[in-house]
Every structure is written in structure tokens, then in C-alpha cells.
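Before any comments, here is the structure.
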Amino acid sequence: MHAGCAKQISLYGFESSFILALRNSSPRLAPDTAYTSRAAPPSRVRSSAPTTHLPPRPGPERSRPHPQDPGPPPAHPPIPRRGDRDLHSLSCPHRGYPHRAASPLPRPFKNPNLSHELGPRRPPPHRTALGTDPGRAACRLISRVAMWRSAARRSSQIRRLLSSSASPTGPLATVPGPCIVQKRGNDILNDPWYNKDTAFPLTERDRLGLRGLLPPRVMSFEQQYERFINSYRSLEKNTRGEPDSIVALAKWRILNRLHDRNETLYFRVLIDNIKDFAPIIYTPTVGLVCENYSGLFRRPRGMYFTAKDKGEMMSMIYNWPQEKVDMIVVTDGSRILGLGDLGVQGIGIPIGKLDLYVAAAGINPQKILPVMLDVGTNNEKLLEDNLCASIYLDLGLRQPRLEGEEYMAIVDEFMEAVHARWPKAVVQFEDFQMKWAFETLERYRNRFCMFNDDVQGTAGVALAGLLGAVRAQGRPLHDFPNQKIVVAGAGSAGIGVLGMAKQEMLRMKSGEGHNQFWVLDKDGLITKDRKDLDPAVARFARGHGPDEIPDLHEGASLVEVVRKVKPHVLLGLSGVGGIFNEEVLRAMKESDSPRPAIFAMSNPTTKAECTPDDVFKHIGENAIFASGSPFSNVSLGNGKTGYANQANNMYLFPGIGLGALLSGARHISDDMLQAAAECLASYITDDEIQKGILFPSVSSIRHITARVGAAVVRAAVAEDLAEGYRTVDPKDLGSMSESQTVDYVARNMWYPVYSPLVNNK
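Read in order, the letters of the sequence shown are residues 1 to 761 in UniProt numbering.
Rendered as C-alpha cells:
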């Protein structure tokens with residue numbers, strides 16, 4: 001077997017007599033090994049339930065991964081056993097080289113890290129042969145008792161595994177196997193996936209033709225990490241007093257330069273500092289980046305399919321160099337955040353979203369694909385051929401947007417091309433204008449594994465917040481159907497939230513029930529008296545009858561509706577900054593709830609309906625606040641804090657995508673989305689809820705994603721939508737307990753470390 005197979009066999013738990021777990025007694029790694037594992041440490045598991053580590057079932061590999069793809073992390077170093085079939089003769093092709101070996105025989109599984117706790121080695125539950133031997137049955141019973149008694153100790157190990165800041169070093173870490181590359185010299189340095197900058201050890205510099213092309217000092221991964229963080233802090237210091245937009249773009253540039261140069265270091269920095277860097281790579285800074293993207297563009301990232309490529313997409317899709325893609329985020333740039341039509345400049349959204357998929361969900365960055373569908377733009381500033389207008393120097397098609405069947409033909413062709421090459425890829429639609437958001441969702445949701453984050457992701461996060469608000473207001477969850485909610489915004493996000501909230505209300509309360517929503521758009525309150533009412537909005541329009549509030553007419557203003565309805569929740573998805581002004585907030589103070597909840601969910605920050613300072617100033621300390629973009633908490637005096645919760649989609653979409661991928665779901669159902677929202681809602685403790693905390697800290701995003709992803713997997717299995725992932729089939733998924741499913745999701749998260757490189761030319 002080729003030496004390059006070593007790492008992959010170790011990572012997948014396959015046993016081999018020539019690979020052993022190496023113990024590293026030094027807290028710092030030698031330069032030649034850098035970090036020791038590409039294992040995914042999703043954040044801590046807040047579960048006291050027993051956790052059993054369930055490895056992938058041995059079997060033939062179903063995909064052709066990238067050489068540096070870790071696959072499932074090296075949680076189970078191979079243990080040679082007598083009678084094992086010789087693995088040296090087994091291989092699978094990758095670019096013409098032996099790669100990953102697989103044994104055709106099922107083997108009992110033992111995790112050496114837990115062997116002192118679990119007692120006798122035994123097969124996982126779905127591989128246990130019951131038999132009739134009483135002695136064997138007794139051994140199995142003793143083993144299971146020992147397993148349950150050690151649950152608390154194993155939970156602490158899982159928390160360490162799931163800690164995003166934990167370094168995969170220590171006495172139980174294994175040295176990563178080499179990665180076979182077919183590049184040398186500057187070709188290596190110019191490839192951000194393989195480039196280690198100054199961390200190439202001397203042995204690698206010699207065998208890769210790098211000696212003399214780098215400064216002589218060899219730096220460790222930790223030294224590079226600290227060097228970048230120091231540069232970033234220096235930038236923060238040097239830009240104090242500058243306008244916020246200048247500072248934000250400067251921070252984005254320094255991160256983007258690292259991304260373009262060294263992906264491994266970039267994602268490690270991002271994972272460890274997600275709370276600080278998420279606002280830079282995602283909202284609110286990503287909106288500013290999109291507005292200026294044509295001027296910021298330095299190197300291509302992702303793929304561009306245009307109206308002029310009609311009939312060519314099936315062949316174009318093979319221009320993407322990676323053999324396997326797991327996650328795709330696509331936009332047409334027609335409604336970027338609350339900024340409107342930005343055309344091809346909207347590519348910044350898929351790029352930012354996929355960076356979060358890597359950081360939060362552990363999707364391998366070699367298996368992601370940002371996509372722009374450029375069908376033109378209706379933004380007059382972008383259509384102007386004015387090179388002096390640098391902020392709008394567009395790189396896309398200078399033509400009006402396609403409409404109707406012409407538009408859908410482009411999207412249809414793209415989806416068919418993606419499905420033809422990567423039938424198991426999950427596709428996330430992002431920032432499509434309302435009419436196309438609903439049209440594409442209904443058209444594809446039962447044909448492909450896809451979802452629309454604006455419609456479904458926002459709805460799930462909002463539902464989790466609404467359920468949390470019920471708890472914070474001192475009411476039982478089953479009282480949610482009686483909550484009065486005023487919604488400002490009837491776009492794709494607003495209607496998506498209303499649909500999921502209505503579905504949850506109907507689930508809790510049999511029958512159609514009353515309409516508990518008052519929906520407003522730019523023309524005021526929406527009633528059934530409105531002409532040309534959009535069908536998606538019609539089901540939430542106010543009508544006539546004894547259940548209606550008197551004197552609330554079609555087109556009533558926001559402040560008038562709030563005064564007369566006295567809602568428990570005011571939900572903003574309007575994209576209009578400052579619409580929840582002092583008059584509206586003072587009206588909310590008279591709510592029927594002692595703790596009125598304000599959700600200002602529009603992005604970016606400039607489009608937020610209000611700020612937490614406004615809310616706590618005009619309503620008081622009992623108010624509950626959440627927003628789409630991050631705000632700082634508010635000091636209320638006397639040691640009290642007004643919490644500025646971030647109701648951001650990043651709590652859900654990584655888990656939805658990861659759960660759909662790891663279950664092999666044929667499509668993403670409403671129940672899978674509902675399970676994700678309920679999982680997020682249950683994450684917060686009662687003590688936190690009483691303080692006004694509705695959402696967890698972003699710093700624990702990997703742990704949240706592991707829990708949400710597990711909920712999605714279990715929902716897919718329950719609906720018989722799961723087809724399995726790699727060597728784990730639907731039966732295996734169905735046999736997992738809740739804690740085992742969390743562990744399964746956690747162990748399939750990618751984590752960035754350097755691997756030794758070997759040239760095969």
C-alpha cells in the first residue's frame with residue numbers, strides 16, 4: 001500500500017498491522033508534525049446522557065475524497081488483531097493512486113481512549129449477534145452495565161472533543177499520515193490548501209523543492225497563529241477612531257488575505273475566535289463587502305453561471321476541480337440582506353455562509369462550493385457603464401434581469417447539472433427575492449436535497465426565539481398558540497417565520513385556531529380587503545368577525561396596530577432601519593405581557609428596526625430584545641444587564657445542512673426543520689431565560705451545531721428520508737440513541753491541522 005493511505009485508514013478506524021497510535025508526551029509538537037490530527041472537536045456536549053462512540057461500519061468507500069480530507073476524525077486509532085485480513089493489498093483509486101483501504105469483514109470496535117472505562121471490547125449494538133451462550137450473554141450484560149456507569153466520565157471526554165478551542169494534541173494524539181501531492185516549489189506555495197507558509201519543516205522543503213523559496217526559520221503552527229492574532233490586534237489598535245465601515249473592511253481584508261494564502265491557518269483562527277470573527281466574515285460586514293465586492297475582488301472563489309451559459313451548464317459543472325462537493329450555497333444576488341439587488345456582487349454571501357459551514361459545522365473546505373447565478377441586474381447604478389463609480393464597478397452581466405420562464409430555465413439547468421455530478425450535495429438557496437424564493441423552494445424541495453435559508457432558516461431561528469419569549473414571560477410553552485404577534489415585513493423571511501410559527505401553533509393546539517398574527521408591509525396592515533393579495537400572505541390577512549379588533553382597518557399604521565392589539569411580541573423583518581421608533585416602542589410598553597419581546601431581525605446592522613439601547617430606554621428593564629446582527633449588551637444600572645440576543649440564522653443553517661448530509665436525506669422536510677428549531681429552543685436553561693437570554697453564545701456554535709445536526713438526522717430517520725452517509729446506512733442511524741447521534745455528528749466534523757506533504761512526481 002502507498003504511504004499516503006496511512007492517514008486515511010487511521011481516520012476511518014480501519015485496522016492495520018503497520019499503523020499504530022503514537023503517544024506524544026510534549027505539549028508542543030515538533031515542526032515536522034505541526035498539529036496531530038484533523039479530527040473535528042465540535043464544542044462541548046451539554047448532555048448527561050450516556051454517549052457511545054459508534055464508528056462507521058467497515059465497507060467499500062463510496063466517494064473519492066481529497067488527499068487532505070480527514071473524513072471521520074481519528075477518534076479510533078487502528079488496533080491490529082490476529083486474523084485480520086491483510087490490508088496492504090486493498091486500495092481505492094484517487095487520482096490514480098492507492099488511497100483508502102477497506103476491509104470487507106465487519107470487526108468489533110474498540111476505542112482505545114475509553115478502553116479503561118468500557119471493559120471488554122464488544123461490537124456496536126447493530127452488529128451484536130445475540131446467540132444462545134449464557135456466558136457470552138453475561139459478558140455482554142456486564143459490559144453494558146460498565147458502559148452506563150461510566151457515562152459521566154465519558155461525557156467529560158466528549159465535552160473536550162467538542163470544545164472548539166481544544167488542540168488535538170496530548171498523550172493520546174496520533175501523528176497524521178502524509179498527504180500525497182503532485183506539486184512542487186512555487187506551485188505548493190501558491191495553493192492555499194497545501195501552503196503552510198513558514199511552517200514547512202526542512203525535510204519537506206527538501207522533498208518539495210522549497211529550500212531557498214522561504215525564509216530560513218521554521219515556525220510552528222502555534223507561532224503562526226499567534227503572529228496572525230498579533231497582527232489583527234495591531235490593526236484594531238491602529239484603526240481606532242476611524243469610521244466603522246473603514247475598520248470593518250480593513251479587518252475583512254486581513255482575514256481574506258490569510259484565506260487566499262493559507263486555508264488551514266485561516267479556518268483554525270476562525271474556529272477558535274468565531275465570536276470575534278463571525279461579524280467580519282458574515283453579517284454585518286458581509287453586506288458592506290458585497291456593496292464593494294467588485295473593487296475588493298482579487299482572486300476567484302466559487303463558480304459563476306450566467307444567462308449566457310444556457311445549454312452549457314452540464315459541462316461547465318465539471319470545470320470545478322474537486323471530485324466531491326458536499327455543500328453548495330447559491331444566490332442570484334436579487335435581494336442581498338436588506339440592501340436589494342446587487343447582482344454578481346452578491347457572491348460574497350455564499351462565500352461567507354460557507355466559511356460558517358466550515359467553522360460551525362465542520363464541513364471540509366475542499367467540499368464546499370459558492371455559486372452565483374448571474375441573470376442580470378435591475379440596479380441602475382450597476383447597469384451604468386461608469387468606471388469612475390468605483391463602488392459600483394460591476395463585474396457581472398450588464399443587462400436587465402431575466403424574468404418568468406427564461407429565469408426558471410437557468411435555475412432548472414443549474415440544479416440538474418449539480419445533481420448530475422454531486423447527487424448527494426446539499427444545496428442552500430440564499431438571498432433570492434421573494435417571488436423566486438418561494439417559487440424555487442416549492443419547485444425543488446421534493447426533488448433535491450435543498451432548502452432556502454431566508455424562508456426556512458430564518459423561520460426556525462425566529463420560532464426558537466418566540467418559544468423562548470413564552471418561557472421568559474412566565475407562561476407554559478403550550479400557551480404559545482395564544483401569543484399575539486405583530487409582524488413588520490411580509491417578504492420571504494417574514495412569511496417563512498409566519499408559516500413555521502403557525503405550524504407549531506397547530507401542532508400544539510388541534511384545529512385551525514385563531515389567527516394570532518397581524519402582518520404589515522410598506523402599505524400598512526394587511527387585511528382581506530386588499531386587492532391583488534399575494535397567496536403566500538393571504539392566509540395571514542386579517543378579516544372580519546367577532547375575533548377581530550374593532551377599528552383596525554386595511555392599511556393601519558404600525559403604531560396604531562401596536563396600540564390596539566397590545567401584542568406579546570413585535571417582530572421586525574422589514575429591512576427598514578429604525579422603523580421601531582420611540583412612539584412604537586412606548587406603545588409596546590402597554591403590551592398585555594409584563595415582558596414584551598422585540599425582535600429586530602433585519603440585516604445588516606444599519607437595517608435593524610431598532611437597537612437594544614432604544615428598547616431598554618423606552619420600554620424598561622423587563623423588555624426582551626433580539627436582533628439579526630450583533631449588538632452589545634446594555635448596562636441598566638444597579639448591576640443589571642439588558643441582553644442583546646442575536647437571533648441569527650447561523651445557529652441553525654449549519655446544523656440543518658450537516659444533519660441532512662450525514663443522514664443522506666433525499667430531501668429536507670418541514671419536520672426536520674421543526675426539529676432543528678425545537679432543539680435550539682431547548683438549548684437555553686430556565687435560569688438564562690429568566691435573565692432575558694434567548695440564544696446561546698456564538699462561541700459555542702460547534703456544540704450547538706452538533707446538537708441541531710443530530711436532531712435533523714433523527715428526524716430524517718423517523719420520516720424514512722435517510723439513505724445513510726458513507727459506510728453508515730439508515731439501519732445504523734436508526735439504532736443510535738440520541739447521545740450516540742450527537743457523537744456521530746460531532747466525529748464527522750472537520751478540523752484544520754497541517755499534514756506532512758509528500759510529492760509523488
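Cβ coordinates follow ideal geometry from the N, Cα and C atoms, glycine included.
If we call anything under 8 Å between Cβ atoms a contact, is residue i one with residue j?
i: GLY491; j: MET434; result: yes
i: ALA681; j: SER574; result: no
i: LYS509; j: ASP592; result: no
i: ALA455; j: LEU441; result: Per the sequence shown, residue 455 should be read as Val rather than Ala. Yes, they are a contact pair.
i: GLN516; j: MET505; result: yes
i: residue 763; j: TYR357; result: The chain is shown only over 1 to 761; residue 763 falls outside these bounds and no answer can be derived.
i: GLY396; j: THR377; result: yes
i: LEU570; j: VAL559; result: no
i: PHE580; j: ALA647; result: no
i: ALA722; j: SER632; result: no
i: ASP671; j: ALA715; result: yes
i: HIS514; j: ASP547; result: yes
i: ASP431; j: GLY346; result: yes
i: ALA464; j: PHE599; result: no
Helix, strand or coil for residue i, going by three-state DSSP, please let me know.
i: CYS290; result: helix
i: GLY374; result: It should be noted that the sequence gives Asp, not Gly, for residue 374. ASP374: strand per DSSP, three-state reduction.
i: MET313; result: helix
i: ILE280; result: helix
i: ASP671; result: helix
i: residue 765; result: Because the chain in this structure spans residues 1 to 761, residue 765 falls outside the shown range and cannot be described.
i: ALA541; result: coil
i: GLY664; result: coil
i: ILE495; result: helix
i: LEU571; result: strand
i: LEU552; result: coil
Using the Cα positions of residue i and residue j, report the straight-line distance between them to the nearest angstrom.
i: ASP479; j: HIS667; result: 32 Å
i: ALA417; j: ASN364; result: 22 Å
i: ILE280; j: TRP252; result: 6 Å
i: LEU189; j: ALA706; result: 34 Å
i: THR283; j: GLY496; result: 20 Å
i: ASP187; j: ASP534; result: 55 Å
i: CYS179; j: LYS522; result: 57 Å
i: GLY177; j: HIS703; result: 27 Å
i: ILE549; j: GLN366; result: 56 Å
i: ASN482; j: ASN319; result: 54 Å
i: ASP400; j: GLY659; result: Correcting the residue identity first, residue 400 is Pro in this sequence and not Asp. Using only the alpha carbons, I get a separation of about 38 Å.
i: SER697; j: PRO476; result: 24 Å
i: ASP729; j: ALA437; result: 33 Å
i: ILE701; j: LYS310; result: 39 Å
i: PHE540; j: ALA459; result: 15 Å
i: HIS2; j: ASP720; result: For HIS2, the predicted structure reports a pLDDT of 43, less than 50, and the residue's modelled location is therefore unreliable. The matter cannot be settled from this model.
i: PHE451; j: ARG217; result: 48 Å
i: PHE448; j: TYR266; result: 32 Å
i: ALA129; j: PHE200; result: Note on ALA129: pLDDT 39, under 50, position unreliable in the model; no value is reported.
i: LYS731; j: LYS691; result: 43 Å
i: LEU208; j: PRO192; result: 15 Å
i: MET601; j: GLY494; result: 10 Å
Considering just the uninterrupted stretch of the alpha helix (DSSP H) at residue i, what are its terminal residues?
i: MET450; result: Here MET450 belongs to no alpha helix (DSSP H); instead the beta strand (DSSP E) covers 450-452.
i: GLY404; result: 404-421
i: GLY460; result: 458-472
i: GLY709; result: 701-718
i: ILE188; result: 186-189
i: GLN690; result: 686-690
i: GLN428; result: Note, GLN428: premise wrong, no alpha helix (DSSP H); beta strand (DSSP E) at 426-429.
i: VAL561; result: 558-565
i: TRP436; result: 434-444
So residue i is in the beta strand (DSSP E); what residue range does that whole segment cover?
i: ASN256; result: No beta strand (DSSP E) holds ASN256; the alpha helix (DSSP H) holding it covers 244-261.
i: TYR304; result: 303-306
i: ASN645; result: 644-646
i: residue 812; result: The requested residue 812 does not occur in the structure, where the chain is confined to residues 1 to 761.
i: VAL758; result: 757-759
i: VAL486; result: 485-488
i: VAL181; result: 179-181
In the segment 598-636, which residue ranges form an unbroken alpha helix (DSSP H) of at least 4 residues, counting only runs that do not cross its ends? Runs found: 612-618.
What are the start and end residues of each continuous alpha helix (DSSP H) run of 4 or more residues lying completely inside the segment 197-239, in chain order? Qualifying alpha helix (DSSP H) stretches, in chain order: 202-207 and 221-238.
Just to confirm the assignment: which complete alpha helix (DSSP H) runs, minimum length 4, are found wholly within the segment 330-383? With a minimum length of 4 residues, the continuous alpha helix (DSSP H) runs that stay inside the segment 330-383 are 348-361 and 380-383.
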